[in-house]
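Heads up: the sequence shown runs through residues -19 to 311, numbered per the numbering used here. Please read the structure below before turning to the comments.
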Amino acid sequence: MQTDTQEKETIMEPVHRQFLWKRPIVLMGIAAFTTAGTALAANAADAAHTLKTVAQIAPELRPQGVPLDYLVTPVGFFSPSCVKRVQDDTAPGAARCTQPHYRYDGARVEPNGAFFPGKIKASAAAYYSGPIEDAHLTLKDPIGKFQAEWVVPKAPADIDTQSVYYSIEAEGIGPSNSATVLRSELSYEMGFPNPGAWELTVWVQSEGKLYYSGPVEVNEGDVIVGDITKKSGNTWSVRATDKRTGEAVGREATVYEMQKIYGGVLRVRDVRNCNQFPSGSPFVFSKVEAFAPNLVDRYSLPWTLNPPKSISLPCKFGVSTGPDSSIILSY
């Protein structure tokens, strides 16, 4: 996804009244914000969960210059000191990460936001890693809740080393005027500890750090509900729930002003052909809804559709809207 300065702005039209524009988000490298935590119960499969390290990526696929102990996340490579799995009610610390992180293309992003292009080995050029497509909306009005449903798809026909991530997200302004991102995510990873499993995870990005809860393993055909909801004051929650089992993961975060929502996002890592996406394109986010602070009035959502740009994979990518307030991601 691009930053606010790169994207075309769009307006969320209120049902009953008009609001003033909010001030722009200040982004530093990646989204940053302060969290306060309540992690929901996860299943037993997550007890031994560890994120994959760069050292566990095939040497020919590693971007040059990324430290081998860095952790692989849906949004790049991060120092172990800047990634924390949260399983209890303890609020994670808010100290800013002092280590750079790296994008999938090897670009280094310093804690102050300074950006340095990276290098990809020739052997990795046939693989794509990064964001593919999304539908997003710059908010004009305050919201109290944002939610969507989706169905866990079939596994890819061609299974190699790839990871695929589907999510809904919200960005806002947190303490110290830092940008805030909350992400409710479904992922398919050929990683650890459950390679080839579909899993739910929620992510919080804060001051250059990543906090996450989960994962919860889910099955093909399960209906998932992702929601991002204002609780009280400046406290927001982000959750992912399996409607079949009732299992869920969640976190809370401090957000002063929510400013952008993503009704559907597709990211990947190490994909080299179209059969490495989940079978059964397209992927549909349905019942994508945003509510006013009273949690009753619903807004109309004129999405900005952001299809892929400069991706060499010969897939039938595309973003569209459909019935049942849906966002459709094709590949």
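Backbone N, C-alpha and C fix where the C-beta goes; we use that ideal spot for every residue, glycine too.
If contacts are defined as beta-carbon pairs under 8 Å, then residue i and residue j qualify, I think. What distance do you get, rounded to the angstrom?
| i | j | result |
| --- | --- | --- |
| residue 142 | residue 161 | At roughly 23 Å, the Cβ-Cβ gap does not stay under 8 Å, so residue 142 and residue 161 are not in contact. |
| residue 243 | residue 307 | 5 Å |
| residue 81 | residue 188 | 7 Å |
| residue 156 | residue 182 | Wrong, their Cβ atoms sit about 23 Å apart, outside the cutoff. |
| residue 43 | residue 98 | 5 Å |
| residue 116 | residue 208 | Not a contact, Cβ separation roughly 14 Å. |
| residue 31 | residue 125 | Their Cβ separation, rounded to whole angstroms, is 30 Å, which puts residue 31 and residue 125 out of contact at 8 Å. |
Against chain D, does residue i count as a neighbour if the rule is that its beta carbon must be under 7 Å from one of theirs?
| i | result |
| --- | --- |
| residue 82 | Although the question refers to chain D, the structure presented lacks it and comprises just one protein chain. |
Looking only at C-alpha atoms, which of the options sits nearest to residue i?
| i | options | result |
| --- | --- | --- |
| residue 287 | 111, 30, 76 and 189 | 111 |
| residue 86 | 76, 231 and 249 | 249 |
| residue 305 | 298, 164, 296 and 283 | 283 |
| residue 36 | 298, 43, 29 and 48 | 48 |
| residue 127 | 285, 310, 278 and 291 | 278 |
| residue 265 | 303, 92, 233 and 108 | 303 |
| residue 144 | 41, 163, 135 and 158 | 135 |
| residue 210 | 241, 235, 196 and 29 | 235 |
| residue 213 | 285, 245, 178 and 154 | 154 |
| residue 263 | 253, 246 and 34 | 246 |
| residue 169 | 195, 95 and 297 | 195 |
| residue 120 | 272, 178 and 298 | 272 |
| residue 148 | 65, 268, 258 and 300 | 268 |
| residue 65 | 197, 285 and 230 | 230 |
| residue 96 | 226, 84 and 107 | 84 |
| residue 178 | 216, 50, 132 and 206 | 132 |
| residue 198 | 108, 226 and 77 | 226 |
Assign residue i to buried or exposed, taking buried as 16 or more other Cβ atoms, counted over all protein chains shown, within 10 Å of its Cβ.
| i | result |
| --- | --- |
| residue 57 | buried |
| residue 251 | buried |
| residue 166 | buried |
| residue 292 | exposed |
| residue 180 | buried |
| residue 159 | buried |
| residue 370 | Since the first residue shown for the chain is -19 and the last is 311, residue 370 is missing from the structure and cannot be characterised. |
| residue 75 | exposed |
| residue 258 | buried |
| residue 290 | exposed |
What would DSSP say about residue i, mapped onto helix, strand or coil?
| i | result |
| --- | --- |
| residue 41 | helix |
| residue 47 | coil |
| residue 286 | strand |
| residue 185 | strand |
| residue 94 | coil |
| residue 294 | coil |
| residue 239 | strand |
| residue 61 | helix |
| residue 190 | strand |
| residue 36 | helix |
| residue 258 | strand |
| residue 273 | coil |
If we count Cβ pairs, one from each stretch, closer than 8 Å, do we get three or more for the stretch 221 to 228 versus the stretch 192 to 203?
yes
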